[in-house]
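Enquirer: For the sequence shown, the working numbering gives the first residue as 18, with consecutive numbering after it. Just so it is clear, CB atoms sit at the ideal spot from N, CA and C, and this is done for glycine as well. It should be emphasised that the depicted structure is a prediction, and the values quoted were computed from it without experimental measurement.
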Amino acid sequence: MSADDDEALERSLHRWKIAGIIVLLMLVLGFPIYRAADARSRSVNSNTREAGMLDTGEKLWADHCATCHGEKGEGVYAPALNSRQFLQETTPQKISGLVRVGVPGTLMQTWVDELGGPLTDEQIEAVTAFIVSWTPNAPDYPDWRTEFLGTPPPVPSPSPSPTASAGTASGE
Numbered sequence: 018m019s020a021d022d023d024e025a026l027e028r029s030l031h032r033w034k035i036a037g038i039i040v041l042l043m044l045v046l047g048f049p050i051y052r053a054a055d056a057r058s059r060s061v062n063s064n065t066r067e068a069g070m071l072d073t074g075e076k077l078w079a080d081h082c083a084t085c086h087g088e089k090g091e092g093v094y095a096p097a098l099n100s101r102q103f104l105q106e107t108t109p110q111k112i113s114g115l116v117r118v119g120v121p122g123t124l125m126q127t128w129v130d131e132l133g134g135p136l137t138d139e140q141i142e143a144v145t146a147f148i149v150s151w152t153p154n155a156p157d158y159p160d161w162r163t164e165f166l167g168t169p170p171p172v173p174s175p176s177p178s179p180t181a182s183a184g185t186a187s188g189e
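Okay, here's the thing in structure tokens:
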């Protein structure tokens, strides 16, 4: 190898070092710019998703919940969920769980499709988001569990089986 070859190799390595440093600086400076732009994009997407969930939750509430809990969660035949006390005492996970499986011994049935109800997990998440959205303006209602505006509809009693009624008719 001659001195000219060494000198050419040295210049080439120097150019590659400079190019590497420039690329490194571009990455180091570009990453924060990318993060800032991506955060704005994620925020817009999150707000859009939340608004969609609230709209869906409101429609599902009107279709499935308002009859018992009231149009605005004020409680008719079931507890008032639009209550500062309820919303402060209950986490969204707890609300979702109650909607999913219901409350045994009450008219609150299971709502999740896995257990025979009409709603998917996503729909229950939307209803939960709608209920939680009342939190900032929820009224002070300490008796949210017990004071209902109406009398609950009667729970239908089981019909007697045809064989049992036939047996009583014959005098047995």
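1) Going residue by residue through the stretch 58-138, where are the continuous alpha helix (DSSP H) segments of at least 4 residues, counting only ones entirely within it?
2) Exposed or buried, V45, counting other C-beta atoms within 10 Å across all chains shown (16 or more means buried)?
3) Suppose contacts are defined by Cβ-Cβ distances below 8 angstroms. Is A200 in contact with W161 by that definition?
4) Report all residues from its chain with a CB closer than 6 angstroms to the CB of R101; omit the five preceding and five following residues, and keep chain order.
5) If I measure Cβ to Cβ from L251 and keep anything under 7 angstroms in the same chain, skipping five residues before and after, which residues do I get?
6) Inspect the CB distances between the stretch 65-78 and the stretch 107-121 and report whether three or more fall short of 8 angstroms.
7) Please confirm whether L77 and V120 have their CB atoms less than 8 angstroms apart.
8) Output yes or no for whether 8 angstroms exceeds the beta carbon distance between D138 and V129.
9) Determine the direct distance from the alpha carbon of G87 to that of L104, and round the result to whole angstroms.
10) CA-CA distance, R52 and S58?
Expert: The short version:
1) Taken in chain order, the unbroken stretches of alpha helix (DSSP H) that lie wholly in the stretch 58-138 and span 4 residues or more are 83-86, 101-106, 109-118.
2) Translated into the one-based positions of the sequence shown, residue 45 becomes position 28. Exposed is the call here.
3) Absent from the structure is residue 200, since the part of the chain shown begins at 18 and ends at 189.
4) For the purposes of this step, residue 101 is taken as residue 84 along the sequence shown, with counting starting at 1. Annotation for R101: A155, D157 place their beta carbon closer than 6 angstroms to its own, counting only its chain and skipping 5 residues before and after.
5) Here the chain has residues from 18 to 189 only, and residue 251 is not among them.
6) No: fewer than three Cβ pairs fall under 8 angstroms.
7) Taking the first residue of the sequence shown as 1, we reach residue 77 at position 60. Taking the first residue of the sequence shown as 1, we reach residue 120 at position 103. Their beta carbons are not under 8 angstroms apart, which means L77 does not touch V120 by this criterion.
8) Start at 1 with the first residue of the sequence shown, and residue 138 comes out as number 121. Start at 1 with the first residue of the sequence shown, and residue 129 comes out as number 112. Yes, they are a contact pair.
9) The residue given as residue 104 occupies position 87 in the sequence shown. The residue given as residue 87 occupies position 70 in the sequence shown. Using only the alpha carbons, I get a separation of about 16 angstroms.
10) The residue given as residue 52 occupies position 35 in the sequence shown. The residue given as residue 58 occupies position 41 in the sequence shown. Taking the Cα positions, R52 is about 10 angstroms away from S58.
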